[in-house]
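Input: a single structure, listed below in structure tokens.
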């Protein structure tokens, strides 16, 4: 943004919105994470995106455009190539042929070079408008409509060509056949632009079903004839370096998929099923910046508790939850707060989901003898201050991790438990000595992911008696249930083009933070009662995941239905 940090600081402090200390803290975080200071301020909630838009609009004397309410002229949009628009963060949304003027949306109206280049490409005068990043996402999604329209046609055309070839029985040969390559690439490309985290290719009795997991929910995408099944599976196996003649043994592999300026790490799992082999592909976007704690959805009070634990020079911090609940993302967010030049951070991961500067990251590789347990043992000889273990899976890893935490290292890891207090007996069940657990465990973060309400179609409603009764029933498990009021207003998404009529876009976490203080530590012993532990944790101030979810539902971040969905899992 072509507003200097000093000018922005003067504007914000002059209006009394941000203090000098707040701005300097945001500036330091921006430098650490290679972001703009305004994005940090917005992410932390110090200023709103709308308020910042007003500042920029006044500074450059340009109007603001919001694509949640302003329609984009499809023909005008395509006057600039998609790559140019996304690189320069500029998009044409309207053209006046009479005056030869193009209205363009820009994240930075002060980028005179981008304006000049656009005028050369368009051969017309450019009238800049300010659009905030969230609004630009909406307009850039319009480019994807081409892929959405073409996907079914490309798949149908390729299937016809494959079936007409008559050579589908030779799977290895057909794996290199252009229509099969096109179908496979199309499935992956469409998944990437749809924001999917996983692709499922499932052989059923009379067809092949392709499904995507988007925002944690599986969706049917396309059905393929069973005749192309073996060729597509063979194509994926070849890309992943797997044996194409092995059909009755599970196989795991990986490959890189490039789409424009993105490099996607695709992790492949092949599993034999009744009708044939099923493939699941996990899409890891390593170039994406890890989120910070506030962007994940932690409250300011929860962030303060996390920061307090990260300032300790030894001990253990655990993040718990089921598979796909965002545990690793939270670990990276915690590491981000302590990733400074004066510490040595070493990780052992499976897989490495983010490439982060200053982190010495090691990938689990059983074929090379690198497991979580012996990898952690080797890391101890690397003079680390902080160790991140992707997951505690077995008794051996528990023992090494606890000893590392006891001997002057801060250890971060994940565990599979339903709530925060259950992590304590789980460690003991896995062989951890109660006295070691009590002396090393500093913090447990339990979490789930819920879908965010689409901001373009959000609407409020008064909850009916059934919803109120369900909320009241769930709150009965909390210590101060009588003090928590049932919301009189909740929110949901009506469904629109922006969210593909689902009512949701993106995800946010709901959390349960257990600060393991002296009273909790005193309770950690053989044969302890988990219910007694939960009750004490709540008396000590722990807010349950349901309470956090209810607060987010009342604030309009998610729906109460989403909160119940993940809590009841």
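In the numbering used here, the protein residues as written are 3 to 571. Ideal placement from N, C-alpha and C gives every residue a C-beta, glycine not left out.
How close, in whole Å, do the beta carbons of residue 417 and residue 425 come, if the pair is a contact with beta carbons under 8 angstroms? Within the chain shown, numbered from 1, the residue matching residue 417 stands at position 415. Within the chain shown, numbered from 1, the residue matching residue 425 stands at position 423. About 5 angstroms; that satisfies the 8 angstroms criterion.
Under the three-state reduction of DSSP, which class applies to residue 33: helix, strand or coil? One-based indexing of the chain shown puts residue 33 at position 31. Helix, per DSSP.
Tell whether a beta-carbon distance below 8 angstroms holds between residue 78 and residue 142. Taking the chain shown and counting its residues from 1, one reaches residue 78 at position 76. Taking the chain shown and counting its residues from 1, one reaches residue 142 at position 140. No; because the gap between Cβ atoms is not below 8 angstroms, this pair is not in contact.
Is it the case that the Cβ atoms of residue 134 and residue 51 are separated by a distance below 8 angstroms? Counting from one through the chain shown, the residue named residue 134 turns up at place 132. Counting from one through the chain shown, the residue named residue 51 turns up at place 49. Yes, the Cβ-Cβ distance between residue 134 and residue 51 is below 8 angstroms.
Within the same chain, show all residues whose beta-carbon is closer than 6 angstroms to that of residue 128, passing over the 5 residues directly before and after it, in chain order. For this step, residue 128 is matched to residue 126 along the chain shown. 104, 106, 117, 120, 121, listed in sequence order.
Which complete alpha helix (DSSP H) runs does the region 216 to 278 hold, if anything under 4 residues is left out? 231 to 242
If you drop the 5 nearest sequence neighbours on each side, which residues of the same chain put their C-beta closer than 6 angstroms to that of residue 252? Position 250 of the chain shown, counted from the start, is the residue given in the question as residue 252. 273.
For residue 262 and residue 85, what's the separation of their Cα atoms in angstroms? Residue 262 sits at position 260 when you count from the first residue of the chain shown. Residue 85 sits at position 83 when you count from the first residue of the chain shown. Looking at the two C-alpha atoms, the distance is approximately 8 angstroms.
Return the first residue and the last residue of the beta strand (DSSP E) that residue 130 is part of. As a working note, residue 130 is residue 128 in the chain shown. Counting along the chain, the beta strand (DSSP E) containing residue 130 begins and ends at 127 to 132.
Within its chain, find whatever has a CB closer than 6 angstroms to the CB of residue 496; leave out the 5 residues flanking it on each side and keep chain order. Sequence index remark: in the chain shown, residue 496 carries index 494 (1-based). The residues are 459, 461.
Less than 8 angstroms between C-beta atoms, sequence neighbours within five positions excluded: which residues of the same chain meet that for residue 374? The residue labelled residue 374 in the question sits at position 372 within the chain shown. Hits under 8 angstroms: 350, 352, 366, 391, 392, 393, 394, 395, 396, 399.
What number of angstroms, rounded off, separates the C-alpha of residue 384 from the C-alpha of residue 402? Position 382 of the chain shown, counted from the first residue, corresponds to residue 384. Position 400 of the chain shown, counted from the first residue, corresponds to residue 402. Taking the straight line joining both Cα atoms gives about 15 angstroms.
Expressed to the nearest angstrom, what Euclidean distance is found between the alpha-carbon atoms of residue 569 and residue 360? Here the question's residue 569 lines up with position 567 in the chain shown. Here the question's residue 360 lines up with position 358 in the chain shown. Computed Cα separation, rounded: 36 angstroms.
Measure the Cβ-Cβ separation of residue 411 and residue 388 and say whether it is below 8 angstroms. On the chain shown, position 409 is the one that residue 411 refers to. On the chain shown, position 386 is the one that residue 388 refers to. Yes. Within cutoff.
Nearest to residue 316 by CA position, among 70, 414, 371, is which residue? Reading the chain shown from its first residue, position 314 is the one you call residue 316. The shortest C-alpha separation from residue 316 is found at 414.
Would residue 346 be called buried (16 or more neighbouring beta carbons within 10 Å of its own) or exposed? For the purposes of this step, residue 346 is taken as residue 344 along the chain shown, with counting starting at 1. Answer is exposed; the Cβ neighbour count stays below 16.
My guess is that residue 562 and residue 492 are in contact by the Cβ rule of under 8 angstroms, so how many angstroms apart are they, rounded? Locating residue 562 in the chain shown gives position 560, counting from the first residue. Locating residue 492 in the chain shown gives position 490, counting from the first residue. That pair is a contact at about 5 angstroms.
What residue does the alpha helix (DSSP H) around residue 533 start on, and which one ends it? Taking the first residue of the chain shown as 1, we reach residue 533 at position 531. 532 to 541 is the span of the alpha helix (DSSP H), which, as asked, contains residue 533.
For residue 363: DSSP bridge partner residues: By one-based count along the chain shown, residue 363 stands at place 361. 349.
Assuming residue 318 and residue 442 make a contact with CB atoms under 8 angstroms, what is their CB distance in whole Å? The count along the chain shown starts at 1 and reaches residue 318 at position 316. The count along the chain shown starts at 1 and reaches residue 442 at position 440. Indeed, because the Cβ distance is near 5 angstroms, the residues count as touching under 8 angstroms.
Cα-Cα separation, residue 324 to residue 480: Within the chain shown, the letter at position 322 stands for residue 324. Within the chain shown, the letter at position 478 stands for residue 480. Rounded to whole angstroms, residue 324 to residue 480 spans 22 angstroms at the Cα level.
On the three-state DSSP scale, how would you describe residue 177? Taking the chain shown and counting its residues from 1, the one referred to as residue 177 is at position 175. Reduced to three states, the DSSP call for residue 177 is coil.
Under 8 angstroms, do residue 436 and residue 526 count as touching if we go by C-beta distance? Within the chain shown, residue 436 is the residue found at index 434, counting from 1. Within the chain shown, residue 526 is the residue found at index 524, counting from 1. Cβ atoms of residue 436 and residue 526: closer than 8 angstroms.
I think residue 564 touches residue 489, with their Cβ atoms under 8 angstroms apart; what is that distance to the nearest whole Å? The sequence position of residue 564 within the chain shown is 562, counting from 1. The sequence position of residue 489 within the chain shown is 487, counting from 1. Not confirmed; about 14 angstroms, so no contact.
Among residues of its own chain, excluding the 5 on either side of residue 500, which ones have a beta-carbon nearer than 8 angstroms to its beta-carbon? Counted from its first residue, the chain shown places residue 500 at position 498. Counting only Cβ-Cβ distances below 8 angstroms, and skipping sequence neighbours, we find 70, 140, 143, 456, 458, 459, 507.
Output the boundary residues of the beta strand (DSSP E) element that contains residue 318. Walking along the chain shown from the start, residue 318 turns up at place 316. First-last of the beta strand (DSSP E) with residue 318: 317 to 322.
Quick one: complete alpha helix (DSSP H) runs, 4+ long, within the region 380 to 435? 397 to 408, 425 to 431
List the endpoints of the continuous alpha helix (DSSP H) containing residue 303. Position 301 of the chain shown, counted from the start, is the residue given in the question as residue 303. Unbroken alpha helix (DSSP H) run through residue 303: 302 to 312.
Inter-residue Cα distance where the pair is residue 341 and residue 438: On the chain shown, position 339 is the one that residue 341 refers to. On the chain shown, position 436 is the one that residue 438 refers to. In a straight line, the C-alpha of residue 341 is about 26 angstroms away from that of residue 438.
In whole angstroms, give me the CA-to-CA distance for residue 200 and residue 165. Walking along the chain shown from the start, residue 200 turns up at place 198. Walking along the chain shown from the start, residue 165 turns up at place 163. Rounded to the nearest angstrom, the two C-alpha atoms are 27 angstroms apart.
Sequence-distant residues of the same chain with beta carbon closer than 6 angstroms to residue 42, five excluded per side: Within the chain shown, residue 42 is the residue found at index 40, counting from 1. Within the same chain, residue 42 has close Cβ partners 28, 31, 32.
Mark residue 427 as exposed unless 16 or more other C-beta atoms lie within 10 angstroms of its C-beta, in which case mark it buried. Numbered from 1 along the chain shown, position 425 holds the residue referred to as residue 427. The residue is buried, with at least 16 neighbouring Cβ atoms inside 10 Å.
In whole angstroms, give me the CA-to-CA distance for residue 136 and residue 254. Against the chain shown, residue 136 aligns to sequence position 134. Against the chain shown, residue 254 aligns to sequence position 252. Cα to Cα, the separation comes out at about 37 angstroms.
In chain order, what are the residue ranges of uninterrupted alpha helix (DSSP H) at least 4 long that sit wholly in the region 68 to 98? 76 to 79, 84 to 90
Would you identify the three-state DSSP class for residue 49, choosing helix, strand or coil? Reading the chain shown from its first residue, position 47 is the one you call residue 49. In this structure, residue 49 counts as coil in the three-state DSSP scheme.
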